[in-house]
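Residue numbering for the sequence shown follows this note's numbering, beginning at 1 and increasing consecutively.
For each residue, glycine too, the CB sits at the ideal point set by N, CA and C.
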Amino acid sequence: MQVDDIIAKAREATGLSDLGDPAAREGLEVLVKASNDEARLTEAGVQRWEANLVNTLSNRLRIVDHLKKHPELLERPVEKPTFVFGLPRTGTTLTINLLSADPARRCLLRWEALNSAPPAQAGALHSDPRYVAEQQKLEMSIKFAPQIAAIHYEDADSPTECQYAMALSFCAQIFDSNVRIPSYSKWFFEADYLPAFRFHKQLLQLLQANNGGRWTLKNPWHPLFLNELTTVYPDAQLVMTHRDPVEVVGSACSLIRHVRPMFSDQVDLREIADWMIGTFDLMISRQNAFRDQHGEDAIFDIQYAEQLRDPIGQMRKLYARFGEDFTPAAEAGMTALMAANPQGKHGKHSYSLAEFGLTEEGVRKHFADYYDRYKIPTKAAV
């Protein structure tokens with residue numbers, strides 16, 4: 001793969017040429033080099049991976065073009081956005097889905113994160129032709145990869161992760177989840193995230209043109225860059241979910257081991273575990289440092305075990321923490337959502353630490369400080 005070829009294909013697909021902030025090209029160059037040198041891509045994997053990059057860049061081109069034609073959108077505020085994050089598999093999806101059931105809130109939907117411009121017409125978030133096309137793709141993918149749906153499933157109009165918005169700047173964790181690219185990971189962990197967050201905000205300003213509401217977003221990986229997040233969104237409401245790392249590590253590793261074979265036939269399970277634990281260490285340490293600087297209550301915490309026991313009660317606490325009115329409409333929406341989406345709706349996710357060369361004792365020992373600081377109950381104690 002060549003960067004210039006990817007850019008040329010995106011420009012040809014869209015008829016557009018302006019990439020916007022040149023910082024995006026740096027990330028793309030690092031990503032492409034790492035993919036070529038380290039990802040061990042199959043022939044089919046190269047084709048899929050390049051297609052993903054071209055589609056992402058095409059989306060960016062359309063966003064830049066739309067904002068150039070409608071610069072007034074960039075004057076519209078994004079007020080008090082809520083950001084949900086935490087180690088993957090700790091209940092971020094459950095939390096964002098509950099919050100999305102509040103009709104006063106506005107979430108980043110999967111289809112519009114992938115095909116963003118122009119923004120949907122008023123009231124068309126669940127009927128836009130782009131939604132219909134993405135839903136058809138997802139239904140087809142379930143037939144061919146039901147094991148991934150059992151681990152993490154989204155409808156085309158489900159709330160999705162901010163990392164799709166960050167990916168538009170080629171500065172996102174999604175890339176090194178999909179393929180093995182350690183040099184990109186190293187670059188990403190130390191990157192300047194401000195350009196990606198500025199473009200993230202511009203995307204929200206575009207998308208809210210015709211369909212407003214309080215932005216409510218989620219991305220497990222936000223602990224890596226909370227300083228940059230709050231620089232761009234100084235009034236952000238921060239919410240972190242927590243779960244026993246014994247369950248988190250095994251579940252997250254299992255998701256990666258099911259995704260990477262789509263691109264490579266050389267998947268090392270212990271390598272996945274080492275990379276995952278190292279990433280988690282960095283996420284924990286950076287959000288610890290953020291709290292040390294801004295105060296322990298700078299982030300509202302949700303325990304996964306408590307969220308499962310009393311989801312509506314946890315939402316009441318969250319709203320109270322930020323001085324928000326927990327309306328009857330919000331409670332009714334959340335109650336209906338829980339009734340319609342029982343745990344395991346899309347299948348059971350089975351995994352073990354042993355297949356990744358890990359043990360429960362070893363994981364608990366490794367994350368002992370995290371358990372202690374956030375009083376995380378172990379599975380046996382739940």
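Pairing leucine 358 with glycine 250 gives a Cβ-Cβ distance under 9 angstroms.
Residue state for glutamine 2 is assigned as coil, using DSSP reduced to three classes. Looking at the DSSP output, valine 84 shares a beta bridge with Lys218, Val239. Inter-residue distance for glutamate 75 and histidine 200 is about 15 angstroms (C-alpha atoms, whole angstroms). Between the segment 187–200 and the segment 216–229, the count of C-beta pairs closer than 8 angstroms reaches three or more; the two stretches touch.
A check of alpha carbon separations from glycine 27 across Ala39, Phe188, Asn52 identifies Phe188 as the nearest. Listed as beta-bridge partners of glutamine 303 by DSSP are His242. Excluding five sequence positions before and after glutamate 306, the CB atoms of its chain that fall closer than 7 angstroms to its own CB belong to Gln314, given in chain order. With respect to the 9 angstroms criterion, leucine 353 and alanine 252 are not classified as neighbours on the basis of their beta carbons. For arginine 110, the enclosing alpha helix (DSSP H) stretches over residues 110–114.
With the rule of 3 Cβ pairs closer than 8 angstroms, the segment 55–68 counts as touching the segment 6–18. Secondary structure note for arginine 321: its alpha helix (DSSP H) is the uninterrupted segment 311–321. With contacts defined by Cβ atoms closer than 9 angstroms, serine 169 and alanine 24 form a contacting pair.
Around the beta carbon of phenylalanine 322, a 10 Å sphere encloses fewer than 16 other beta carbons of the protein chains shown; the residue is thus reported as exposed. Nearest Cα to arginine 270 within the set Arg257, Ala165, Pro22: Arg257.
When the beta-carbon positions are compared, leucine 16 and leucine 73 stay at least 9 angstroms from each other. The secondary-structure analysis by DSSP pairs proline 159 across a beta bridge with Leu109. For valine 239 against valine 84, the beta-carbon gap comes to about 5 angstroms, under 8 angstroms, which counts as contact. In the DSSP assignment, serine 169 falls outside any alpha helix (DSSP H) and carries neither an H nor an E. Boundaries of the alpha helix (DSSP H) harbouring isoleucine 272: 269–294, taken from the DSSP string. Residues Lys80 of the same chain have their beta carbon placed closer than 6 angstroms to that of aspartate 235, with the five preceding and five following residues left out of the count.
Under a 10 Å Cβ-count criterion, serine 254 is classified as buried, with 16 or more other Cβ atoms of the shown protein chains found around its own Cβ. When secondary structure is reduced to three states using DSSP, serine 264 falls in the strand class. If you check the CB distance, aspartate 274 and threonine 378 do not come in under 9 angstroms.
Leucine 41 has Ser264 as its beta-bridge partners, per DSSP. Sequence-distant Cβ neighbours of leucine 337 in its own chain, meaning closer than 7 angstroms and more than five residues away, are Asn97, Leu98, Ala101. Contact check for glycine 213 against arginine 105 passes: the beta carbons are separated by less than 9 angstroms.
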